[in-house]
Structures are given as structure tokens and as C-alpha cells.
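Just below is one structure, and these are the notes that go with it.
Protein chains: 2
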Amino acid sequence: MELDQRKIVILTTIIKNYLETGEPVGSRTISKYSGLNLSSATIRNEMSDLEEMGFIVQPHTSAGRIPSDKGYRFYVDQLMEKHHKEIDDVKTEMFEKVDRLETTLQTLVKNLAQNTNYAAVVTGPSIRTNKIKFIQTSLVDSRRLLLVVMMQGNIVKTSSVVLDGSEELDFNRVLSINMLLNDELNGLSVTEITEGRLAQLLARTSYKETIRAIVNSIVNMLDINLGDTQIYTSGATNIFKYPELTEADNASKLISAFETKDELAQLVKGSQEDGTDKKPIQVYIGEESPLQNMADCSVVTANYELGNGLKGTIGVIGPKRMDYEKVLEILSKLQSEMDQAFR
Amino acid sequence: MELDQRKIVILTTIIKNYLETGEPVGSRTISKYSGLNLSSATIRNEMSDLEEMGFIVQPHTSAGRIPSDKGYRFYVDQLMEKHHKEIDDVKTEMFEKVDRLETTLQTLVKNLAQNTNYAAVVTGPSIRTNKIKFIQTSLVDSRRLLLVVMMQGNIVKTSSVVLDGSEELDFNRVLSINMLLNDELNGLSVTEITEGRLAQLLARTSYKETIRAIVNSIVNMLDINLGDTQIYTSGATNIFKYPELTEADNASKLISAFETKDELAQLVKGSQEDGTDKKPIQVYIGEESPLQNMADCSVVTANYELGNGLKGTIGVIGPKRMDYEKVLEILSKLQSEMDQAFR
DNA sequence: GTTAGCACTCAAAATATTGGAGTGCTAACA
DNA sequence: TGTTAGCACTCCAATATTTTGAGTGCTAAC
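Chains as they are written, first to last, in the working numbering: chain E, 7 to 349; chain A, 7 to 349.
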């Protein structure tokens, strides 16, 4: 059977209607709103075809039809095509005063959730591949150093280093340690701080224990503590707006996923791997999603790349009947702006 | 009517039973479990009295009784008395490696939620009254300073200061600025950084614009950005474990309160004002709570005070039928440990 | 190819039925 | 006088039943 023009119109009408109402769509409704001037009986015949082809399903015998995952997929693919032809050069004002990546991402994710009415998640760039821009240690008291590391994107991390006291430090010695650290480590990512590097560093100083403690602290801070990537979320409670997600204990699972953030990391990681350069925006519909908890949701993710090579992901999580058009538009707009913001 | 010993036993039995089961308690149950060896009919008479006195209510004519807010209040007050006589010197290991207050509080709140199975909230000390311990600025590039401020409790805040470029800075100049800042501002809280102070500071330097920008940044950072007090939460999803809180759209409101944290701030602030020194732990039952959203919950808060004068609050939010005994025990234990941890 | 008409289906809403836990009251008992 | 057994009564909650209506597929006519 072929998907002719008329079938496409009917399918699209069903989907659009369902996106709005969330209720199964019957033949009479279509006959009134499709603009095709066909009777409900004719529509019924076509719908029966569409069902056979797998684009729509009946929740039960005497109900209207709702889109299947395949149906959504068709609709979204169609949207994506249309979308590529449009050029949107509208500017949001979000990036006017870009200072630190962290705060920027925080406001970004908040706005995203508010604008879409779905749950939003944004990840910062992977710290492990992000490069050190600047290191500073200072003596807080005789036994403790404050360590401040600034990464690309002006991400600042701090920790304190407790010394065992075998090496006496004073102001000038800390100064020279700072110079040494910056000299050796600037421009490196954590993954590049190898044993060899450390040895090279130690060879140039007599404060071996202190340096060792500091480097250790840096690696810990960037490697383990942060679980690699920082994840910002917002609008988790928006899912309460969509009854189909609140049924049973779905809500509980979803909200809990947002509270712990562990699973979200996977979600986002997956999308970065899938992403060939041609498809910077991805749509996962229902079962397509990498997480079981999200099988009743749709997930739209966009990878962004800052000018300096840092990569991250923006994502929206909502019901299958999400307003794909709007979400795609917003995400692609944000994506292109992010690309330019941090050059 | 008088609340004699027998009535107390019956009331207590009703409450304990209801705490466990969450179901209304009938006269037969009591006659079996109170240990009083009275028939259900006798119990019925007493229950009828207790209801008249306002300690218990009937959800509907032919149901068992459940404790009223007044009933809970009686029970909790009784507990509190008993509690004061006990001395618990059990040590948790949470505070072994206390480094920075922020991370400590984060793990604290997480443990609290996991141990109690309720939602937990912990606030750090008010930054506005917290004192500056150490200031460090460093030149990131020609136009930008990285500002690091360490407060009491080793809370570290950073921000970057963008300079207008009218004053050329170099390494040595930044050094002298640092010394000046530390000299003038250490030991002060934000509230103490007045116009007069600033004037005094400016009089001692020729880099007036830079200093002005830095001080501005410090005040902003500590005053506005953080909304005064930092709030850590955990276990919000635990409320899904208690059906009576999940009914209607209560869950939505509660979770949302936890996501935005605004309301929680009030909750906690209220408890700090109420708190005379004699009652460091407070229990709000149902309507007693300062927030309408929490009218179906009970809230238990404990104020802690670190050795150095910093104050904060630990709180647990759960259903009215929460295990008060356990919660009181845990909170008071934490409270006393906190008091000693950061001396 | 399209459509009106009709019998059929089935979920959801409305309504009825039942069971049982709980009560209050009264009268008898220790 | 306090306690208790017994009984009629209440009413929620669970279950069963009926009703309703939106929707379908099929057939026959246009």
C-alpha cells in the first residue's frame, strides 16, 4: 500500500489534533477539520489503511486512533525537513552578559523549561577534556592551601589542600609554586596529567610533597568529584502537567531521575555518540529513548559546541505529544547562539 | 473532663498504631493491643471522650479514629520530655573528614533523607552575617580578574570581575591590591562593608576603579546572587512513599517547592526566629506549619550553631504520621555533632 | 470511489449491591 | 459504679450492573 497525499494529510491531522488534545481522534473529527471534504466513512477507510501500515493505533476497539511511535517519527522527520529550509536569526538576549559558563547554563536551563513547559536538562562540557587555563594556590593557614583552578569557559573550581606539614611554606614559596604549576599544567586537560608530567614537575621543585598533594587534588576535583560532567536541570515538575506521564508511579520515577541526575547523564551521553555532524538535533520518541524510565516520553537533544571546542548537550523531556515544532525551533536557535557566545 | 492515665494509654496506642499503618484505628484493635484488658465497648466509651476532648477524630461516622493535630501535639510533647532526659553520645562518622562546609552539608542532607525516608533540607549559615576570612584576586587576562573569597567555615565563593581597562594592572599591582583588600576587609561580614569602609579603602589606593569594581563584586556575590542563604535538599521523591501526600496535586506542589527552594527558605527562616534557646528542635504539625503547601505534612527542624558562631537549620519534612521518635533522635544527634565539628 | 445507514463494540460514567468494620446505646452484671 | 455483651445502625469501599455515547466495520446504493 502506498502513502499517498491524502493519507498524509489525514495522518498529519490526526497527529496535530492528538498533540493538542491528548485524546484519541475519531473519524468524524477528521472529516470536519482536515479540510478534505470527505465523509467520516471515507476517512474510516483511510484510517483503517493507516492503521494497517502501522502509523496509528487504536487504544481499544471502539476508540479513536492515536499516533504510534512510527507515526510520530514520520511527523517529526517531515518537520525536520521543513525546518532545515527555514533560517531563524532571531536573537534572544540570554547571552548578552556572558561571564561564567556555569551561571549561563543555569539560567539557560531555567528559561528553557519555562518556555517549553517541559522538563529541561543542560550539560556543561566534559571537564575531563576541558583545558586548564589558570591555577592559583594561596596559603589559608599554616596547614591548608586554597586551590583555585579556572578552566576554559571560565569554569572555576576550588578545593582545599591539607598539608602534612613536613614542608614549611611561606608567601614567597607559594608564589613560586604557583608559577611552576601554571607553567607546567596550563593548557592541559585532566586526562593529560600523566605520571610522566608529574615526575617532570617534581623534578623542578624541592616542595615535592606539597606539589604532589596539589596535583592530586586537582585531578580529584576534576575527575571524580564532579562525575565528569556537570548536569543542570529545571522544570522537572512540569511533567505533572501531562496526565499520561503522571499515571501509576511514572511520575515518581521521572522526578527521581531528575533528582539524582545519574540517568540523565546516560541519556545525554548517548545522544553525543549518536550524533553525526549532520544531525545536531535528535528526537527520541518513546521506546527509542535510551532509558526505560522514559519510554513514555519523548526526548529532544541538541549538541552544542562552543567556539573553543567545548561540547555539551541541551535536552528537553516531555510527553510523546510534545510540541515538536516549537521545541525544535527553540533548541536550534539556542544551539546556534551558544556556538557563538563563548568564542 | 480529665485526661487520666488510662485515657493517655489509649490515646498513645491509637497514635502509635496509626503511625504504623496509616489506617483509622477501631476500638477492637485497641482492646487487643493496649495491654489494658478492657473490652472494645469500654474502649469505645473512652474514645468517645477523647474525641470530645479533641485529641482524635473520625474521618466518617462508621470509621475508626485517627489522631487530630492536637493529638499529635500531645504525643510529640510527651516524646520531647522523655527525649530530654536521654543522653545519646553515639557518634556518626559523617564528620571525620570535614573540609569544606558546603560539601559537608551536601552529604549531610543526603544521608538524612536516606536514613529517615522523608524529605530533608539543610541550610548553610547566612552568608550575610558570615565573616570574610581570606580574599584573593588574580589576573586572568588583561581585562579580567578572578575573585576568590573564603568565608568562615571554609565556604569558597568565586566570581570574575571585568575591568573597564582605564587602570592598567600587572602582577605586582594585583599583589598589593590583594594585601590591601585582606587588610581592610578580613573579619568583616557583608553587612559591615559600608560606604564608609569603602571610602577608607579607596583612600589607601590609586586603583580606585578596580577596587570599587572588586568590592562591588564581593557584595553582589554574597548579598544578591545567593539569595542570602544556601539551601540544600534531598529525598524530595520520598514523599511518593506516603499516599496521603500524593493525593490530588499535593505531590506536585511539594515537589515544586523543593525544586525552587524559595518557600523552603521561609520555612527555615521562621524556625530560626521562633527558636528560643530552650527549644532548639521544633515540630510543626499540619496547620502549625508556616506554609500552606505543607498543611498535610509535619515538619521537624533543628537549629545548629557551629563553634564559630555560624548558625543554620536542619529540617525533615514528611507525613503527619512520621516516626517522630526516630527523627527527633537523629536530628538532635546531628545537631550536637555539628556544634562541635567546625570549631 | 464515495457515502449513508446500520449493527456492533467497548470504555467510562453512573448507579446499584453487598460486606464488613466500626459506632452508640441499652441492659445486665460484678 | 464501672465494665461488658449484645444489637441495631451507619457508611465507606469494593464489586457488580446498567447506561451512555463515541467510534468502528461492513454493506448496499449512488
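In this text, a Cβ means the ideal position worked out from N, Cα and C, and glycines have one as well.
Within-8 Å CB hit, residue i to chain E
i, result
"A/L152", "yes"
"A/Q272", "no"
"A/I237", "no"
"A/A125", "no"
"A/I224", "no"
"A/D55", "no"
"A/F140", "yes"
"A/S144", "yes"
"A/N160", "yes"
"A/I261", "yes"
"A/G189", "Gly is not the amino acid found at residue 189 of chain A; the sequence shown has Asp there. So no, A/D189 is outside the interface."
"A/S195", "no"
"A/T110", "no"
"A/M100", "Residue placement at A/M100 is flagged as unreliable, the pLDDT there being 49, under the threshold of 50; the coordinate-derived value follows with that caveat. False, the Cβ-Cβ gap to chain E never drops below 8 Å."
"A/K97", "Residue confidence for A/K97 is low, a pLDDT of 43 falling below 50, so the modelled location carries little weight and cannot support an answer."
"A/M156", "yes"
"A/S148", "no"
"A/D255", "yes"
Spatial distance of residue i from residue j (CA atoms)
i, j, result
"E/F80", "E/I291", "11 Å"
"E/E92", "E/Q298", "Summary for E/E92: the model assigns pLDDT 46, below 50, so the residue's position carries little reliability; its value from the coordinates is reported in the next sentence. Looking at the two C-alpha atoms, the distance is approximately 34 Å."
"A/Q158", "A/I224", "15 Å"
"A/L169", "E/S144", "23 Å"
"E/N244", "A/S37", "48 Å"
"E/S262", "E/L270", "11 Å"
"E/M185", "A/N222", "29 Å"
"A/D229", "A/V196", "7 Å"
"E/G130", "E/M344", "12 Å"
"E/S165", "E/K214", "19 Å"
"E/A205", "A/V128", "43 Å"
"E/F101", "A/P296", "Confidence in E/F101 is poor, its pLDDT being 48 and thus under 50, which makes the residue's placement too unreliable to answer from."
"A/L85", "A/K22", "12 Å"
"E/G315", "E/V306", "22 Å"
"A/M7", "A/L44", "20 Å"
"E/Q288", "E/A308", "6 Å"
"A/E173", "A/E190", "21 Å"
"A/Q120", "A/I72", "28 Å"
Per DSSP, cross-strand counterpart(s) of residue i
i, result
"E/Q298", "Answer by DSSP bridge pairing: none, since E/Q298 is not bridged."
"A/S304", "A/I291 and A/G324"
"A/I62", "A/P73"
"E/Y238", "E/V128"
"A/E311", "A/K317"
"E/Q142", "E/V154"
"A/D147", "A/R150"
"A/K137", "A/S195"
Minimum C-alpha distance to residue i - residue among the options
i, options, result
"A/I161", "A/Q112, A/K76, A/V289 and A/D170", "A/Q112"
"E/K13", "E/L228, E/S33 and E/G28", "E/S33"
"E/L187", "E/I217, E/E198 and E/V167", "E/I217"
"E/F264", "E/L251, E/Y248 and E/G241", "E/G241"
"E/D302", "E/E253, E/M59 and E/Q272", "E/E253"
"E/I237", "E/D268, E/A219 and E/A209", "E/D268"
"A/K326", "A/Y78, A/L191 and A/A257", "A/Y78"
"A/R106", "E/I21, E/V167, E/L118 and E/R203", "E/V167"
"E/H66", "E/E174, E/P30 and E/S45", "E/P30"
"A/L175", "A/V154, A/I141 and A/S212", "A/S212"
"E/L181", "E/L151, E/S338 and E/N226", "E/L151"
"E/T250", "E/T109, E/S304 and E/L118", "A small fix is needed here, since residue 250 of chain E is Glu in this sequence, not Thr. Out of E/T109, E/S304 and E/L118, E/S304 has the C-alpha closest to the C-alpha of E/E250."
"A/L153", "A/Y39, A/I220, A/T266 and A/E26", "A/I220"
"E/F140", "A/V146, A/T109 and A/A126", "A/V146"
Any C-beta of chain A under 8 Å from that of residue i
i, result
"E/M86", "no"
"E/T164", "yes"
"E/R106", "yes"
"E/T122", "no"
"E/K22", "no"
"E/E26", "no"
"E/T265", "With the sequence shown as reference, residue 265 of chain E is identified as Glu, and Thr is not the correct amino acid for it. So yes, E/E265 belongs to the interface."
"E/A242", "yes"
heavy atom of the ligand PLP below 7 Å from residue i C-beta
i, result
"A/I224", "This structure simply doesn't include the ligand PLP, nor any ligand for that matter."
*asked:* So within the segment 156 to 242 of chain A, which uninterrupted beta strand (DSSP E) runs reach at least 3 residues, ignoring any that extend past its ends?
replied: Counting only runs of 3 or more, we get 162 to 168 and 237 to 240.
*Could you pull out every unbroken alpha helix (DSSP H) segment of at least 4 residues lying fully inside the segment 26 to 55 of chain E, listed in chain order?*
Taking only runs of at least 4 residues, the alpha helix (DSSP H) segments lying wholly in the segment 26 to 55 of chain E are 33 to 39.
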